[in-house]
Amino acid sequence: MNILVINCGSSSLKFQLINSVSEETIAKGICERIGIDGSQLVYQAVGKDKITNVVKMDDHLKAVKLVLNALTDPVNGVLSSFSEIGAVGHRLVHGGEKFHSSVLITDEVIKATEECNDLAPLHNPANLIGVQACRELMPGTPMVGVFDTAFHQTMPEEAYLYGIPYEYYEKYKVRRYGFHGTSHNYVSQHAALLYQAKIDAARSLEDLKIIVCHLGNGASVTAVKNGKSIDTSMGLTPLEGLIMGTRSGDIDPAIIEFLALKEGMSIQEVTAMLNKKSGVVGLQNGGSSDFRDITADYLAGKAEAVRAMKAYVYRIAKYIGAYTAAMNGVDIICFTAGIGENNNVVRTMVCEYLGYLGIEIDESANEIKGEEVVFSKANSKVAVMSVPTDEELMIARDTKGIVS
Ligand code: AMP
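First residue of the sequence shown? That's 3 in our numbering, and the numbers climb one at a time after it.
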């Protein structure tokens with residue numbers, strides 16, 4: 003079966019067509035600047051050249067139409083008709099407490115997801131526009147919703163409650179939800195398989211303690227015990243936790259009022275600053291958020307980058323310590339996403355904090371980038387590895403599981 007995976011943002015739509023049997027990608031691309039001047043569709047059938055088509059896209063319905071036309075184009079397409087798409091898997095960001103796993107999309111599911119819009123106002127409405135557009139154009143095709151928050155619904159109460167009056171949880175469901183769940187789920191499964199293949203064939207996901215560090219532009223750490231998320235660093239929103247590209251991660255909440263008064267900013271302005279001007283960009287006083295730049299500057303000894311890099315790495319090491327305590331031990335520490343898969347300087351710096359766990363790193367294995375690799379030494383007490391994440395494949399697998 004061919005599964006179309008859709009990840010819809012407010013002005014973009016990423017898509018990937020995956021063969022659910024071979025799990026190979028057949029074609030992929032992105033519609034950018036939907037509803038904005040200069041919109042374009044970038045499309046690539048695997049093994050062929052990338053095609054960029056500058057075309058007006060007033061809304062997501064037009065974008066989905068263009069994607070379907072590209073997939074069925076007589077010259078560059080990969081399908082002879084839409085009917086060859088067996089199902090569509092949609093990335094949905096926030097499912098609140100309602101969704102513990104992926105679901106077949108029905109009118110009730112759409113309504114329940116809309117009720118979570120307050121918790122993800124930038125993401126959920128855009129995701130649902132993508133769902134509606136696909137339903138309109140492919141009314142007979144089953145659609146599945148895969149929520150970023152679902153994997154973390156196994157967290158116990160002590161991990162998801164904040165130390166604020168309980169009535170706010172009761173009234174508004176203010177609690178930790180966590181994000182990147184599709185990635186943490188995929189990567190923890192693959193980390194366990196790699197552990198079985200390379201380290202101990204007798205142990206599987208169900209009896210391993212894994213810490214997954216998803217280090218991309220957004221970043222989060224999750225403690226996965228026996229295959230279940232028991233704690234994660236992002237919270238009610240994706241602002242909490244690690245220092246990120248432009249997001250602050252954890253801060254003393256009193257800083258918000260302090261800066262609002264000192265700088266004459268509104269709460270909304272402080273929140274925007276914490277989301278868009280903080281993290282490693284803020285720590286460099288406005289430098290790059292791309293870790294290729296930061297790492298080059300760090301290695302050249304540039305003070306701003308050294309400051310940002312040290313604070314970034316320190317926060318990751320602190321979370322690893324906390325989650326080792328939460329699970330009463332750790333078997334695997336696994337790095338993923340753009341930085342986790344490719345940046346061996348960050349990986350080395352994090353591991354320098356972990357000698358107390360009996361971790362020993364093989365520096366030449368740590369040079370390997372963008373591939374599955376165990377880079378701890380054979381005698382290391384904890385396995386340290388990198389596993390490339392693949393959220394689209396995870397969405398396709400869940401979609402296949404539900405529609406069949
Ligand atoms: P993501 O959000 O997962 O795409 O990650 C973005 C971050 O990953 C950026 O800071 C990039 O510097 C880093 N990154 C992505 N690809 C590479 C690569 N091939 N080599 C080094 N860093 C990379």
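Beta carbons are placed, not taken as given, at the ideal position from N, Cα and C, and that holds for glycine. As the structure is a computational prediction, the values presented were derived from the model and not from experiment.
Closest in alpha carbon position to Leu244, among Pro141, Lys67, Lys227 and Met311, is Met311. Collapsing the DSSP output to three states places Glu34 in a strand. DSSP places Gly132 in no beta strand (DSSP E) but in the uninterrupted alpha helix (DSSP H) bounded by Asn126 to Leu139.
Between Ala89 and Pro141 a beta carbon distance of about 13 angstroms is seen, past the 8 angstroms cut, so the two are scored as non-contacting.
Taking C-beta separations shorter than 8 angstroms and ignoring five residues to either side along the sequence, the partners of Lys230 in its chain run Thr156, following chain order.
Annotation: the region 220–265 contains the following complete segments of the beta strand (DSSP E) (minimum length 3 residues), in chain order: 221–227 and 230–234.
Just measuring C-alpha positions, the residue of Val48, Leu63 and Ala72 sitting nearest Asn55 is Ala72.
In the structure shown, the three-state DSSP call for Lys279 is coil.
Beta bridge pairing from DSSP links Arg93 with Val148. Under the DSSP definition of a beta bridge, Phe17 partners with Ile8 and Gly31. Counting along the chain, the unbroken alpha helix (DSSP H) around Met329 starts and ends at Ala305 to Met329. According to the DSSP assignment, Ala47 belongs to no alpha helix (DSSP H) but to the beta strand (DSSP E) extending over Gln42 to Ala47.
In this structure Ile53 does not touch Cys136 by the C-beta definition: roughly 22 angstroms separates them, more than the 8 angstroms allowed. Not one heavy atom of the ligand AMP falls within 8 angstroms of the beta-carbon of Ile32.
Proximity to Ser185 across Lys100, Gly132, Ala327 and Ile213 peaks at Ile213, based on C-alpha coordinates. Residue side-chain check: Glu343 places its Cβ nearer than 8 angstroms to a non-hydrogen atom of the ligand AMP. Taking the C-beta atoms as reference points, Ser291 is found no nearer than 9 angstroms to Arg349.
Using a Cβ distance threshold of 9 angstroms, Ser104 and Val66 do not count as a contacting pair.
As computed with DSSP, His216 is found in a beta bridge with Ser222 and Thr338. Distances from the CB of Gly142 to the heavy atoms of the ligand AMP are all 8 angstroms or more.
The region 383–397 makes contact with the region 331–344, as at least three CB pairs between them are under 8 angstroms.
Burial state of Ile335 is buried, judged by a 10 Å Cβ sphere holding 16 or more other Cβ atoms. For Asp150, the shortest C-beta to heavy atom distance toward the ligand AMP is 8 angstroms or greater.
Among the bridge pairs identified by DSSP, Ile363 is matched with Ser378. By alpha-carbon distance to Glu25, the top candidate from Ser406, Ile404, Arg399 and Gly403 is Arg399. Here Leu106 is exposed. Its C-beta has fewer than 16 other C-beta atoms within 10 Å.
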